[in-house]
Amino acid sequence: MTRSARCPGRQLRLMTRREMLWELGGGLGGVALAAMLAEEGLLAATAPRGLHHRPKAKRVVQLFMSGGASQCDLFDYKPRLIRDHGKPWDVGQKVELFQSTPGHTMAAPWPWRQHGQCGKWLNECVAPLGQVVDHIAFIHNMVSKSNVHGPATFLQATGFVLPGFPAMGAWISYALGSENQNLPTFVVLPDPRGFAPNGPKNWGAGFLPARHQGTMIRPHFDEPIADLFPPQGSFATRGGDQAALQALEKLNRMHLESRQEDSRLEARIRSYELAAKMQLAAPEVLDISDEPQHVLDLYGVEAPNTPWDGPMNEGQETRYFGLNCLIARRLLERGVRFVQIWSGADNGFPRRNWDSHEDIRRDHWPLARAMARGAAALILDLHRRGLLEETIILWTTEFGRMPCSQGSKGRDHNPSVFTNWLAGGGIRGGVTYGPSDEWSFKPADPQRPTWGYDVHATVLHLLGIDHTRLTFRHNGIDRRLTDVHGHVIHEILA
Amino acid sequence: MRTQSRIVPWALPGFGWLVLTSMLVQPLKAQSSSPVDFTRDVAPILERYCVRCHSQQGAKEEVILDRASGLLESELELVVPGKPHESYLLDVVSPPEPSMPKDGPKLNAQQVEVLRRWIAQGAPWPKGMILEDRYVPDADWWAYRPLQSVKVPSVPEEYRHWVRTPVDAFVLRKLLQEGLRPSPEADRRTLIRRLYFDLLGLPPSYEEVQQFVHDPRPDAYERLVDRLLASPHYGERWARHWLDVAHYADTHGFDKDKVRRHAWPYRDYVIRAFNQDKPYGRFVMEQIAGDVLWPWDPDAVVAVGFLAAGPFDWVGQIEVRNGTMEKRRVRNLDRDDMVVTVFNTFLSTTVQCARCHNHKFDPVSQDEYYGLQAVFAGVDRAVRPYDPDPQVALTRWQLTQKRSRLAKQIENLQTQLAQQLPPEYHRIQKQISQLAQVPSGQSKPPEYGYHSRIEPTAECTKWVQVDLGRSEPIAAVVWVPCHDEFNGIGAGFGFPVRYRVQVSDDPQFRSATVLLDCTTEDQPNPGLVPQGVKLLRPIRARFVRVTATRLAHRRNDYIFALAELMVFDPKGKNLALGAPVIALDSIEAPPRWRRSNLTDGLYWGVRDSARLLQLVQLQHRLRELKARQHPKLRARLEQLRGELREVEQQLASLPSQQWVFAAATHFRPIGNFVPTHGRPRKVFVLRRGDVRQPLREAVPQSLQCFPWLPGKLELKDPQDEGQRRAALARWIAHPQNPLVWRSIVNRVWHYHFGRGLVDTPNDFGRMGSPPTHPELLDYLAVWFRDHGQSLKALHRMIVLSATYRQTSGVVGPEGKRAFGQDAQNRWLWRANRRRLEAEALRDAVLAVSGSLDRRMGGPGFRNFGFKDDHSPHYKYHEYDPHDLRTHRRSVYRFVVRSVPDPFMEVLDCADPSAVVARRNETLTPLQALSLLNNRFMLVMAQRWAEQLRKEHSTLEAQVQAAFRQGLQREPRAEELRVLVPLAREYGLEYVCRVIFNLNEFLFVD
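In order, the protein sequence lines correspond to chains V and S. Just so we're aligned: 237 in our numbering is position 58 of the first sequence, and the numbers increase by one with no gaps anywhere. Just so we're aligned: 491 in our numbering is position 446 of the second sequence, and the numbers increase by one with no gaps anywhere.
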């Protein structure tokens, strides 16, 4: 690769035609109608060979643990922490923490055990993932640019610490378009309690056209998709809506007669047809009555309440996360390109996310158990259906937590080390890449950490996209998901 | 194409590179005469010509020329130490046909010779030295050239009747060059609709259309344009465009997306500025430095809301500790947003590209970029006060000026007096400090003393007093300062800067005897020396009070603290020991701090009562000496103090001020967010934009791209941040700055035609688009600059043109041919049909349905449910569109950064987190669903239907009226045949809803 290809300012302009389509206000002659519509991404021009090379996978599920999931309590096994538990934590340097000064060395509150053929050590709180651990590739030397939730979350979600940039799902929608015209390309399933830091900006389209933004589906809500149907109590009726759509089309066609050259007008007429199709397709995705009991049990969507010593309880968490995972599977099998599932809401009290400054045991247990069960179910279920090979599952969080305590039971932020894992299409299962140091404090080799850019580059690579060539001109710069960074992590590829 | 040729890498097959290892270890003996110095001679050449493309950061692979280690690890051959003729580097850069550098100027013979000699001398490279890219692209590019006074082209005879304004002559010449012809003028209904949406962002009423269509006057169109430009709705429409670029919002963004309650005064300022047709140069300068240039003008103060309009990292600024890397990162990005917003908006220049390296395409070096950051290094985004009433603002400004003048005079006089004190005074001072030495062996007791509550300002009155139980004869009072290491303060911690000591028999001190008044002059901090007064004749009193009138600084805040208060009777007994203490307020944090510590006899310092009384005696003598000094000067001092008090009273009696969120130097600190008080923070040039790698301190400056307008800022006091901004504002709005005038006329053109003459309105650099009509652009820029800089005049010039008035349709075979040749309409052979922006659409729905509340200004309406929290919740699904408060124009919508209004977002409204020069225009199924089903749309359809039923009795008449109001024309029979049955079967609401969804409603021909 060349120097020039790495700086976005120096990119060849790939998308001239796209920009013409979407950015011009004037008449657009000779342009394929389909180009105006939602189903087409850049891929349409080059399919089926992939945008830049042959893809290994077609779809992505991103599991985002908001608040900073603790790598050293979940996946990153460190005997040293168990040995030195309660002793002063001294790494021989001054440590700059977010809100505290380093306390004592602290082991995970629960035991560790080896799982799968690969013998990966997992903590009891994520033990359900043991059954699928041979599908998973772990990265333990992730680092972040920020130890503040907002910027760090942006970095994992959009590749930049500032607001205003497109989410990874938006980039992928822009690149590959949809496989199903009746559903959005990029779907987001937020934590039912509320939004993670930055809110919906985490799945915004930024400067990309608005159609690439994540569409929120909230299966736990009365109105899971905003504006899909007229609101309750309005004058609208089913019959009336059908008649209205017909009238609308007739009048729009009359209007079109003297304006044939403007393909946007026809495109808009078709957008109402697609909207009607979406009205049929979307409720069907959310209707899980056709799922057999063993599948419902697998995901735990009917898990009973299990009181715990905090405001969150494992049963409720399992139902939240499990249902989102099950809906994700239904979306994926219908061709949705990118599904983002959030665990953890805003940074309020009582805790409703992974930001366990106060008490790891109290807050991480219900979240971790629920996540492990739902994620394992999703991997198993996709595998059984033969979909795992073409679906990438990416587990992430904005940063990790310190190997020492903050006060007595909690941990402060650790942007210097955290864990990501991937599974599915094109991923080599059962491997661990990029170790952390003996404390799970920093990368074992601090000169060679793994960045979110690298993970993004790897996911794009598996989808047939060269991350350095997927660009969009905005305000004088050819922007990329990976900014001027990113290396594909070949070590975790199958 | 330029870009294409640039990305061809150096790594050609067979390219020989050599390792420098050997020469690092063992420089070969020089073969040429005078020795070459790497740092002085070689590095500048590599930095100027090579490093731009061949740095480790940039080049992943083989060709790394910015560091020795890069060469060490390379397996290629480039330089053979001691053997210039075998070194490939010399081959590629040497005349006559050098292949490198790929772009830009080549090395001259002298420079090649330097390299040759360096290699010959063993190519030594100082250990650890890393080179920087020093290449800055030149300013030889259309946008940076001076504005040209262009003559209006002559028009061929057959088109004389067509041309209406100079605009047309330029457009026509291009059209004819391209073999195209203008399209016919649009009909009047189309024109009035176009003008209304374009200038006001609202639809005309059916009646207004009819009036205009049937207006027989020859200047009907001009009259209409003038009427619209005079409408206050014009300012609302065009302010919204401006706010896109300024990226205005009513919340901070990021994680804790807090409400920004005082953002709206800036939004109202922009609306006012457009409506008043403020000269553009002034408009520009006000938004960069209005508070400095015209501090007495409230609008000029509110205008710097522009600098603060973008996101604010609440956690990073307020919670993250000062002195951390995280904090530096946050501040770097915060200033970046200011610099970028200013340069994108006013100059269409993408300085942001120079944050990590010199700009790759435009003449912006990293030093200049950080120089611009330095210009804004003295301001933060915070609330600042202003007087909405200009008269009050002026009075306050004058009084404030007077106050600082008086304070200065008083200070000078005091210094003068202090310098003229007699030798006895200094002798006594020495004596006092000897007497007051802390006895050896005494240690600081854990009971520090009394500590008031903490205040954000020093100007605050606090008191503490002891109760002796009954009226006693008092001969002396002594009060002792505290010691606390907090914030490194130590001795004299919390000791008031101004205070008085009184005694009284009334616990409220309604009548009291003043023993000592130190409230007119700041007192030097006494350290640990006990302070006191001695009375010539004892006074009887029960209560003794110390009142602080100016508090002591702590850390971004202010307090009053005392270790001990002692009251001696004539026999020298401390009557206050163990006496009860009361205070206005107190921090009770035993053992260190509590009221009772004030009379516990425990403090760090002299405790012997004889010595204490001796101290007091000497202090008394000092005061006497001072009072006797220069009676004339003393009197003058008193007079000045009197005047100052008067000014302060006048200031206090002015009406209270309002707040605006803007660039600010003085504000109340919150957590770790502390004002600069106008002293800029240090800014460094950062390697790769990384805060951990500062290279050198940045010098405040602007760009050096115009030889006739130096970017060096002339600053009398470079440490006065206001001067920095004022100088930059003058540079930007300078008549000879070509960018500022080209930028604004292009922006205005962009909003009128849907595409600018330069279709990258924020980027006139080499990565932007070149102008389609460069001469027209310069003509307009010069004309605008020299004719009052009136935006309204510019609008007039544009919308009165025949170019603007063309039909958007494709008319006849001529039109078809033009369409085939220029479908994008770059040459403006017709008008562009445009989809309504989110705001215009929402406003049109409100207007047509008879719901629009046209009241202007004030806090934004909230179309969401709100719950405050760590991170506040914004819940759009809880919005009730029946809420009349929300029926205002969309420019008054409360804009949330983190949770965008889904309805507006699906219609492509601007993302307030990004600088938006040009909106996207999308058409999606989700947009269709929103327009069909969003609660707002249904409620408005219903309200409209109710209105129609009130106004018209028959269903046919109601449908007809809906059509007229919605589309401002008469329905055709076939259209009624579709709508009337729909109304009959499903209700008039359905007709209203369908009209809202029509292409004709959404698009302006």
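Glycine included, every Cβ here is placed at the ideal spot set by N, Cα and C. Note that this is a predicted model, so its numbers are computed, not measured.
When the Cα of residue i is compared with those of the options, which residue comes out closest?
{"i": "PRO234(V)", "options": "LEU641(V), THR661(V), GLU537(V), GLY655(V)", "result": "LEU641(V)"}
{"i": "GLN781(S)", "options": "ARG792(S), ARG769(S), TRP753(S)", "result": "TRP753(S)"}
{"i": "GLY246(V)", "options": "LEU308(V), PHE344(V), ASN377(V), GLN310(V)", "result": "ASN377(V)"}
{"i": "ALA427(S)", "options": "GLN664(S), PHE351(S), GLU530(S)", "result": "PHE351(S)"}
{"i": "HIS711(S)", "options": "ALA318(S), MET370(S), TYR431(S)", "result": "TYR431(S)"}
{"i": "LEU557(V)", "options": "GLN241(V), LYS237(V), LEU427(V), HIS232(V)", "result": "GLN241(V)"}
{"i": "HIS592(V)", "options": "GLU493(V), TRP533(V), VAL239(V)", "result": "TRP533(V)"}
{"i": "ASP358(S)", "options": "VAL346(S), ALA348(S), VAL375(S)", "result": "VAL375(S)"}
{"i": "THR741(V)", "options": "GLU577(V), LEU561(V), PHE578(V), THR576(V)", "result": "Because residue 741(V) is not part of the residues shown, which for chain V are 180 to 673, the question remains open."}
{"i": "ALA593(S)", "options": "PRO635(S), PRO571(S), PHE829(S), TYR544(S)", "result": "TYR544(S)"}
{"i": "VAL197(S)", "options": "ASP898(S), HIS818(S), GLN1005(S), GLN851(S)", "result": "HIS818(S)"}
{"i": "ASP86(S)", "options": "ASP136(S), ARG162(S), ASP925(S), ASP322(S)", "result": "ARG162(S)"}
Short check: CB of residue i to CB of residue j, under 8 Å?
{"i": "ASP289(S)", "j": "ALA885(S)", "result": "no"}
{"i": "LEU164(V)", "j": "VAL464(V)", "result": "Since the displayed chain V opens at 180 and closes at 673, residue 164(V) lies outside it and no answer follows."}
{"i": "HIS536(V)", "j": "ASP300(S)", "result": "no"}
{"i": "PHE408(V)", "j": "ASN979(S)", "result": "no"}
{"i": "GLY423(S)", "j": "GLY723(S)", "result": "yes"}
{"i": "SER522(V)", "j": "LEU505(V)", "result": "no"}
Taking the alpha-carbon positions, what's the residue i to residue j distance?
{"i": "ASN326(V)", "j": "TRP283(S)", "result": "40 Å"}
{"i": "LYS757(S)", "j": "GLU413(S)", "result": "10 Å"}
{"i": "LEU976(S)", "j": "ASP657(V)", "result": "33 Å"}
{"i": "ILE1040(S)", "j": "PRO277(S)", "result": "28 Å"}
{"i": "ALA621(S)", "j": "ASP602(S)", "result": "30 Å"}
{"i": "GLN411(S)", "j": "ALA168(S)", "result": "29 Å"}
{"i": "LEU873(S)", "j": "ARG726(S)", "result": "50 Å"}
{"i": "ARG516(V)", "j": "ARG238(V)", "result": "5 Å"}
{"i": "LYS579(S)", "j": "TYR470(S)", "result": "18 Å"}
{"i": "PRO622(V)", "j": "ALA460(V)", "result": "46 Å"}
{"i": "VAL385(S)", "j": "ASP633(V)", "result": "28 Å"}
{"i": "ASN389(S)", "j": "PRO471(V)", "result": "58 Å"}
By Cβ distance, which residues of its chain are closer than 6 Å to residue i, with the 5 residues on each side in sequence left out?
{"i": "ARG637(S)", "result": "TYR493"}
{"i": "LEU825(S)", "result": "VAL790"}
{"i": "GLY229(V)", "result": "GLY643"}
{"i": "PRO486(V)", "result": "ASN492"}
{"i": "VAL961(S)", "result": "ASP289, ALA955"}
{"i": "ASN503(V)", "result": "LEU368, ILE520"}
List, in order along the chain, the chain S residues whose C-beta lies closer than 9 Å to that of residue i?
{"i": "HIS434(V)", "result": "LEU1043, ASN1044, GLU1045, PHE1048"}
Go through its chain and collect everything with a Cβ distance to residue i's Cβ below 8 Å, but skip five positions before and after it.
{"i": "LEU682(S)", "result": "ILE455, LEU458, GLN459, LEU462"}
{"i": "LEU760(S)", "result": "PRO745, GLN768, ARG769, ALA772"}
Give me the chain V residues within the contact set of residue i, using Cβ-Cβ distance strictly less than 7 Å, ordered along the chain.
{"i": "PRO970(S)", "result": "ALA217, SER450, LEU453, ALA454, MET457"}
{"i": "SER947(S)", "result": "Going by the sequence as given, residue 947(S) is Pro instead of Ser. ALA405, listed in chain order."}
{"i": "PHE911(S)", "result": "Residues of chain V passing the Cβ test: none, with the nearest at roughly 13 Å."}
{"i": "TYR493(S)", "result": "Residues of chain V passing the Cβ test: none, with the nearest at roughly 24 Å."}
Closer than 8 Å by beta-carbon distance: list the chain V residues that pair up with residue i, in chain order.
{"i": "PRO182(S)", "result": "None at all; the shortest Cβ gap to chain V is about 11 Å."}
Please list, in chain order, all residues of the same chain as residue i whose beta carbon is under 7 Å from its beta carbon, the five residues on each side excluded.
{"i": "HIS927(S)", "result": "VAL984"}
{"i": "GLU218(V)", "result": "Because the pLDDT at GLU218(V) is just 42, under 50, the model does not fix this residue reliably, and the value given afterwards should be weighed accordingly. Correct list, in chain order: GLY356, SER357, GLN360."}
Does at least one heavy atom of the ligand HEM sit under 7 Å from the Cβ of residue i?
{"i": "LEU502(V)", "result": "Judged by which ligands are present, the structure shown has none, so any question about the ligand HEM falls away."}
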